[in-house]
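Trainee: Sending over a structure as structure tokens; questions will come in a sec.
Protein chains in written order, with our numbering: chain V, 20 to 203; chain U, 5 to 302; chain G, 18 to 212.
Encoded structure:
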């Protein structure tokens with residue numbers, strides 16, 4: 020018996036637009052890993068990431084007819100996720116959540132737990148999580164998920180120059196915190 | 005009436021009528037949870053939000069320009085309302101968008117505008133209201149309220165509940181009346197005028213604007229008031245039981261409780277005044293660089 | 018022109034970004050979120066929002082009315098010297114004369130703090146240019162107030178460098194400057210326009 024054919028995203032979106040929840044569930048299963056991964060790294064908080072990933076898919080369901088296929092479905096979904104994270108960050112609830120930095124980017128004390136081994140993925144994740152929000156956002160979108168400066172800037176609603184400045188700052192901060200560079 | 009005048013009259017009528025033809029009125033509704041978060045974003049015009057006893061959000065949007073785009077997205081937990089001018093051009097006519105929103109009483113409210121005024125009534129959930137040049141007015145109940153405007157005025161009126169109120173202005177004036185609990189305020193050149201009862205925390209600062217606070221303090225209240233060159237006036241409802249710590253680099257310190265300021269040191273400028281009034285308890289710190297400081301009981 | 022020490026692409030040899038790129042892109046949530054998502058969609062009773070239905074005839078009619086109106090307006094107010102209606106809310110060069118607050122030699126504002134401020138300045142200037150003239154003027158005046166305060170505090174710190182009060186005031190002025198930029202940048206931000 021031949022294996023059932025997996026529908027492409029385009030076909031699943033078409034079906035989901037017509038109200039096919041089964042198709043939308045398939046889209047969820049295909050994309051939840053990346054959406055949750057993005058929310059988790061942008062917030063640094065697993066419990067928030069779950070809420071935000073849910074909010075992303077609920078928003079996506081409502082916005083499906085607006086998906087015109089100009090970007091990949093994954094990119095379109097990531098845009099919704101980024102918006103959802105940023106909106107939460109600006110909300111009264113988001114502001115009360117403990118952050119490694121306050122809104123102006125002033126960093127709270129970060130104690131490196133012993134010398135960080137640059138080669139360990141967990142150390143890299145931890146260093147990224149400790150960055151101020153603006154710098155963290157660009158490292159997540161550009162560094163982890165491979166969006167160009169222009170794409171990341173557009174998703175975050177900032178100028179490309181700001182993105183580049185944040186990336187420069189992020190690299191310096193990460194090196195400092197991972198013990199590979201003297202803080203200046 | 006000759007033909008030419010008729011044509012001219014018709015042309016004038018067409019010009020006057022034309023903007024009205026572009027106006028759209030859009031109504032949207034959504035069922036929401038009692039503590040849903042409502043987010044509203046507008047550029048110019050107004051945002052008026054009031055509470056009702058339904059778990060429903062109703063929006064009536066009057067858009068004077070057909071170039072404006074209205075977004076309304078709703079789930080049970082979040083409603084997002086936004087007016088946007090996609091090409092970013094607002095033209096000479098400054099057509100406005102007026103949003104009238106009804107929300108559940110316990111809703112959380114986030115509003116941000118550029119020049120649209122924000123007016124909120126009877127919303128009991130958390131509020132975060134911010135404008136660049138619009139005026140912001142709201143009521144405080146029991147939940148945190150933040151009201152901010154760069155150049156517009158901010159008005160927060162208390163209703164008897166214990167609230168945490170935060171105001172931020174650059175050049176507008178913040179007026180806070182009838183509030184109980186906690187007040188944080190920041191201005192640059194604008195002014196802060198606040199009346200607060202059962203105050204357990206007051207933290208206000210300015211760069212050059214004057215600050216006037218009329219307060220009834222709890223026994224363990226913490227009061228911090230700071231200005232670079234603005235004047236600070238603090239009136240405390242008697243009986244006053246507080247520990248005072250007052251410092252100014254070059255401003256005058258006027259204290260009706262008696263003790264006089266003395267020079268900080270003979271090597272540096274500045275004067276300071278530390279004393280206990282009554283049995284102490286509340287902590288009051290006032291600091292200016294060159295602004296004058298006035299403290300008294302009422 | 019960017020003064021940052023890298024070009025349009027990140028140097029491929031940047032080890033930290035290379036490590037970031039190796040991190041797993043998919044992270045499974047601790048539990049299946051689908052039941053909660055499905056329940057929320059079902060509870061809201063939503064189908065995906067239907068695309069707006071356009072009435073081509075009414076659109077054409079509206080276009081006709083607008084064109085006629087525009088033509089009559091033009092006829093009525095025609096001025097050979099008048100250009101297209103000025104877009105008063107945009108003054109592309111208006112942000113160019115924003116000068117951030119300069120903190121004097123005694124202030125102790127760190128390079129990191131200035132970098133955070135400067136990272137925000139570009140966006141602020143773009144947003145500033147779209148504000149109304151009277152709002153831009155108010156902001157300019159207040160930046161001048163902050164500059165005067167920073168100068169006054171710096172001069173005072175020269176006489177009393179150990180003053181915690183003065184250092185706190187300087188930090189407060191810096192924070193006010195940053196708050197101003199952030200407020201303008203995020204105002205009317207568009208919560209959905211980038212979706």
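We put the CB at the ideal spot given by N, CA and C, even for glycine.
Computed from a predicted structure; not experimentally measured.
1. Is the beta carbon of residue 156 (chain U) closer than 9 Å to that of residue 140 (chain U)?
2. Kindly provide the ranges of any alpha helix (DSSP H) runs that are 4 or more residues long and lie completely inside the stretch 142–171 of chain U, ordered along the chain.
3. Check the DSSP bridge columns for residue 275 (chain U) and list the partner residues they point to.
4. State yes or no: is the beta carbon of residue 41 (chain G) nearer than 9 Å to at least one beta carbon in chain V?
5. So, helix, strand or coil for residue 5 (chain V), using DSSP?
6. Check whether the Cβ of residue 143 (chain V) lies closer than 9 Å to any Cβ atom in chain G.
7. What residues of chain G sit near residue 209 (chain U), judged by a beta carbon separation below 7 Å?
8. Does the stretch 43–51 of chain V touch the stretch 80–95 of chain V, meaning 3 or more C-beta pairs lie closer than 8 Å?
9. Using a Cβ-based criterion (distance less than 8 Å to any ligand heavy atom), does residue 263 (chain U) qualify as near the ligand FAD?
10. Residues in the same chain with beta-carbon distance under 6 Å from residue 177 (chain U), minus the five sequence neighbours each way, listed in chain order, please.
11. Can you look up residue 145 (chain G) in the DSSP assignment and give me helix, strand or coil?
12. Between the C-alpha atoms of residue 107 (chain V) and residue 84 (chain U), what's the straight-line distance to the nearest angstrom?
13. Assign residue 62 (chain V) to one of two classes, buried (16 or more other C-beta atoms within 10 Å of its C-beta) or exposed (fewer than that).
14. On the DSSP letters alone, give me the boundaries of the alpha helix (DSSP H) that residue 101 (chain V) sits inside.
15. Taking only three categories from DSSP, how would you classify residue 68 (chain V)?
16. Quick check on this structure: which residue in U:301, U:268, U:293, U:295 has the alpha carbon closest to the alpha carbon of residue 281 (chain U)?
17. Using DSSP with H/G/I as helix, E/B as strand and the rest coil, what is residue 37 (chain U)?
18. Quick one, are the C-beta atoms of residue 100 (chain U) and residue 68 (chain U) less than 9 Å apart?
19. Nearest by alpha-carbon distance to residue 160 (chain G): which of G:194, G:144, G:40 is it?
20. Just to confirm, is the Cβ distance from residue 160 (chain V) to residue 170 (chain V) under 9 Å?
21. What separation, rounded to the nearest whole angstrom, lies between the Cα atoms of residue 207 (chain U) and residue 149 (chain U)?
22. Is residue 29 (chain U) helix, strand or coil by DSSP?
23. Within the continuous alpha helix (DSSP H) that includes residue 259 (chain U), where are the two ends?
24. Does the separation of the CB atoms of residue 201 (chain U) and residue 220 (chain U) fall below 9 Å?
25. Quick check on residue 174 (chain U): does DSSP put it in helix, strand or coil?
26. Go to residue 175 (chain V), then tell me how far its alpha helix (DSSP H) extends in each direction, as first and last residue.
27. What separation, rounded to the nearest whole angstrom, lies between the Cα atoms of residue 72 (chain G) and residue 28 (chain U)?
28. Confirm, please, whether the CB-CB distance from residue 44 (chain U) to residue 115 (chain U) is below 9 Å.
29. From residue 139 (chain V) to residue 59 (chain V), what does the alpha carbon distance come to, in whole angstroms?
30. Identify the residues that DSSP records as bridge partners of residue 247 (chain U): which are they?
31. By the three-class DSSP mapping on this structure, what secondary structure does residue 190 (chain V) have?
Mentor: Put simply:
1. It is a contact, given that the beta carbons lie within the stated cut-off.
2. Listed in chain order, nothing qualifies, since the stretch 142–171 of chain U has no complete alpha helix (DSSP H) run of 4 or more residues.
3. Beta-bridge partners of residue 275 (chain U) (DSSP): U:252, U:267.
4. Chain V contact via Cβ: present.
5. There is no way to answer for residue 5 (chain V), as the model of chain V reaches only from 20 to 203.
6. Among the residues facing chain G, residue 143 (chain V) is included, as its CB has a counterpart in that chain under 9 Å away.
7. Ordered by position in chain G, the residues that pass the 7 Å Cβ test against residue 209 (chain U) are 189.
8. Cβ pair count under 8 Å is three or more, so yes.
9. The ligand content of the structure shown is nil, which means the ligand FAD is not present either.
10. So the qualifying residues of the chain are 157, 194, 195.
11. Residue 145 (chain G): helix per DSSP, three-state reduction.
12. Using only the alpha carbons, I get a separation of about 12 Å.
13. When all chains shown are included, residue 62 (chain V) counts as buried.
14. First-last of the alpha helix (DSSP H) with residue 101 (chain V): 92–109.
15. DSSP places residue 68 (chain V) in helix when its eight states are reduced to three.
16. When each option's Cα is compared against that of residue 281 (chain U), the closest is U:301.
17. DSSP places residue 37 (chain U) in coil when its eight states are reduced to three.
18. The criterion of a C-beta distance shorter than 9 Å is satisfied by residue 100 (chain U) and residue 68 (chain U).
19. Taking each of G:194, G:144, G:40 in turn and checking the Cα distance to residue 160 (chain G), the smallest one comes out for G:194.
20. Yes. Within cutoff.
21. Cα to Cα, the separation comes out at about 15 Å.
22. Residue state, collapsed to three classes: strand.
23. Here residue 259 (chain U) belongs to no alpha helix (DSSP H); instead the beta strand (DSSP E) covers 257–259.
24. Cβ atoms of residue 201 (chain U) and residue 220 (chain U): closer than 9 Å.
25. In the displayed model, residue 174 (chain U) falls within coil according to three-state DSSP, outside both helix and strand.
26. Element bounds for residue 175 (chain V): 168–175.
27. Bear in mind that a pLDDT of 32 at residue 72 (chain G), under 50, signals an unreliable position, so the model cannot answer this.
28. Yes, Cβ-Cβ distance for residue 115 (chain U) and residue 44 (chain U) is below 9 Å.
29. Those two C-alpha atoms are separated by around 19 Å.
30. Per DSSP, the beta-bridge partners of residue 247 (chain U) are U:280, U:287.
31. Helix, per DSSP.
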